[in-house]
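Per this note's numbering, residue 11 is the first one in the sequence shown, and the count goes up by one each step.
Have a look at the structure below, then the notes.
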Amino acid sequence: MLGIGVILPGPADFAAWRAEARKLLAAAIPPEQVEWRVAGEARGLFAEAPPPDVAGAVRVPRRFVDLAQVAIRHRDPARFALLYRALWRIAQGDAGLLETATDPDVIRLEAMAKSVRRDAHKMHAFLRFREVATEDGLRHVAWFEPEHHILEAETRFFLDRFGAMRWSILTPQASAHWDGTTLRMGPGGARRDAPPEDAGDDLWRAYYAAIFNPARLKPAAMRAEMPVKYWRNMPEAREIPRLMAEAPRRAAEMVARGATAPAARRQRNTLAVPEVAPEMDGDDLDALRRALAARNDLPPWAAQATQLVFGEGPLGAALLFVGEQPGDEEDLAGRPFVGPAGRLFDRALAEVGIDRTGTYVTNAVKHFKFTPTGRRRLHQGPDAGDIAYYRPFLRKEVGLVAPRLVVSLGATALRALTGKAMAVTKVRGVVTRTEDGLPLLPTVHPSYLLRLPDRNAQEREWARFVADLKAARMATA
Ligand code: URA
């Protein structure tokens, strides 16, 4: 008897595979009689008959569908046959097949799905867009070499994150192109079709160097997490050998230095709490700052701060950023976002081409709240009462600057601007309104990026933060 030859239109086309598998089952064709291949691939040695055209429906456990949809993206040419064999066995009465963890077919399918998921995870973390100027404006183009046929499925991830940009992802097997409204899949390309370098590469390197902790270096774990094969398409990878070579010396220096000594305290500045508070009636930013500094009903902890840290930037700035509260360095300098979170913020602004001096940067809470512990001052988050205390000042400040777009950095700023406690992760990147009706784009606080424990998460979240800032830039361009 001739074998049955089934030709699928694409290498990971689950719908087509399912339609063919249903027909084969309805015609009771056992798995060993079927040859599967993708259109354009060479056929096997044996003569093949076309598949039967019999209508059929089969009920399979949801778990099989979920597993099959992922496993079919594996590059192993045997995946279609393996899936059909599992389906055949289930249809023959082995309804609990997938629960049999020791079954060789199940082991293989689970391993395939795991490998596909891992590949997708690496794509999210390690794909790097570079800017290309085209006739229609900027396009972001990335070259990536996935192990499996994951591109089409993973476009969902990039549409969610970078829906506001125009982008292309090129891989050896296929490409995806987003023009802001339509997604188009195309043929594969070559590495030379993607731009080799852009200005953002230096920032990736700087960011990587900033988050690299020499004292935590575990080379084997690092290579497992960021396999060397991805390095050639990642600008920051060029830094890795140098950082690894320097790590022992830097770690030894860190131990020798011990805990960082805090900078010498300045005298609390002369903007002391007066006996009688003037009305908060400033009609310019300086008057507002003085009015706040002169309050005699500040929250009690504010008395231990060095000084009031007010916002800075030009009146009429198109973009206004609101953070949480000054940290240790801001308290000493009297300026917002000049410490570690500020440096990361500056880097992200530079990456998207926003000139900080043209923006207005401020905080929801204007004094550094901390717990003194020995020689360090431990940041203490503001509570609802603190946020409520400074809110009228923030609203007035934002109203005076009158920006086209307000960007809240983190949950405190979002709460101060909307009057509502919300999870930033649920609303980030979606423009809403401040309580006073100004457009508001919520995103995460830069220090959130500094706290993430693993490098994948850091890189993924960095890319999302940069994308949010890019959206803010585009909205006010
Ligand atoms: N974090 C903030 O929210 N604001 C600053 O100014 C510094 C750190």
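Heads up, the beta-carbon is just placed ideally off N, CA and C, and yes, glycines get one too.
Exercise for the section: Give every residue whose Cβ lies closer than 5 Å to any heavy atom of ligand 1, listed in chain order. Expected result: G333, E334, P336, G337, E340, P346, F347, A351, N373
Practice task
Apply the 10 Å Cβ neighbour rule to P431 and answer buried if 16 or more other Cβ atoms are within range, or exposed otherwise.
Solution key: The displayed chain sequence assigns Ala, not Pro, to residue 431. A431 should be labelled exposed.
Practice task
Compute the distance between the beta-carbons of L34 and V48, then report whether it is under 8 Å.
Solution key: no
Handout entry: Host beta strand (DSSP E) of W46 (start-end)
Key = 44 to 48
Handout entry: Span of the beta strand (DSSP E), counted from its first residue to its last, around G147
Key = 147 to 153
Handout entry: W472 - containing alpha helix (DSSP H), residue span
Key = 465 to 486
Practice task
Assuming A312 contacts H377 (C-beta within less than 8 Å), just tell me the rounded distance between them.
Solution key: 4 Å
Exercise for the section: Go through its chain and collect everything with a Cβ distance to F24's Cβ below 8 Å, but skip five positions before and after it. Expected result: A78, Q79, I82
Practice task
Compute the distance between the beta-carbons of M175 and H134, then report whether it is under 8 Å.
Solution key: no
Exercise for the section: Following the continuous beta strand (DSSP E) through E141, name the residue where it begins and the one where it ends. Expected result: 140 to 144
Handout entry: Cβ shell of V116 (< 8 Å), same chain only, five flanking positions each side left out
Key = A96, L107, L108, T110
Handout entry: Cutoff 6 Å; reference P456; Cβ partners in own chain excluding five residues on either side
Key = A351, L354, F355
Handout entry: According to DSSP, residues forming a beta bridge with E109
Key = Partner(s): none; E109 has no beta bridge.
Exercise for the section: Using alpha carbons as the reference points, say which of G391, R259, E407, A297 lies closest to A327. Expected result: E407
Exercise for the section: Could you tell me the distance, in whole angstroms, from the CA atom of T422 to the CA atom of F380? Expected result: 16 Å
Handout entry: Selected residue, minimal CA-CA separation from P229, among K239, M244, P251, R242
Key = P251
Exercise for the section: Taking L318 and R299 to be in contact with their CB atoms under 8 Å, please state how far apart those CB atoms are, rounded to whole angstroms. Expected result: 7 Å
Practice task
Confirm, please, whether the CB-CB distance from H158 to R85 is below 8 Å.
Solution key: yes
Practice task
Could you say which of F167, L388, E141 lies nearest to G337 if we only look at CA atoms?
Solution key: L388
Problem - Supposed close pair K124, Y240 - CB separation, criterion 8 Å - result: Not confirmed; about 18 Å, so no contact.
Handout entry: K480 burial status per 10 Å Cβ neighbour count (16 or more: buried)
Key = buried
Practice task
Keeping to the same chain, check which residues put their C-beta closer than 8 Å to that of L18; ignore five residues upstream and five downstream.
Solution key: A26, W27, E30, W46, R47, V48, A49, F90
Exercise for the section: Use the C-beta contact count for E263: other C-beta atoms within 10 angstroms, 16 or more gives buried, fewer gives exposed. Expected result: exposed
Practice task
Report the rounded CA-to-CA distance for L119 versus A67, giving the unit in angstroms.
Solution key: 23 Å
Problem - Local Cβ density within 10 Å of L325, reported as buried at 16 or more and exposed below that - result: exposed
Handout entry: Residues near G15 in its chain [Cβ-Cβ closer than 6 Å; skip 5 each side]
Key = E45, E58
Problem - Where H389 sits in the DSSP three-state scheme - result: strand
Handout entry: Cα-Cα separation, A105 to A231
Key = 39 Å
Handout entry: Closest by C-alpha distance to P21, when choosing among E162, E235, A297, L459
Key = E162
Practice task
Grab me the residues of A412's own chain with a C-beta within less than 7 Å of its C-beta, minus the 5 sequence neighbours each way, in chain order.
Solution key: G326
Exercise for the section: Check G196 in the structure and name its three-state DSSP category. Expected result: strand
Handout entry: Endpoints, alpha helix (DSSP H) assigned at H84
Key = Counting along the chain, H84 falls outside any alpha helix (DSSP H), and DSSP gives it neither H nor E.
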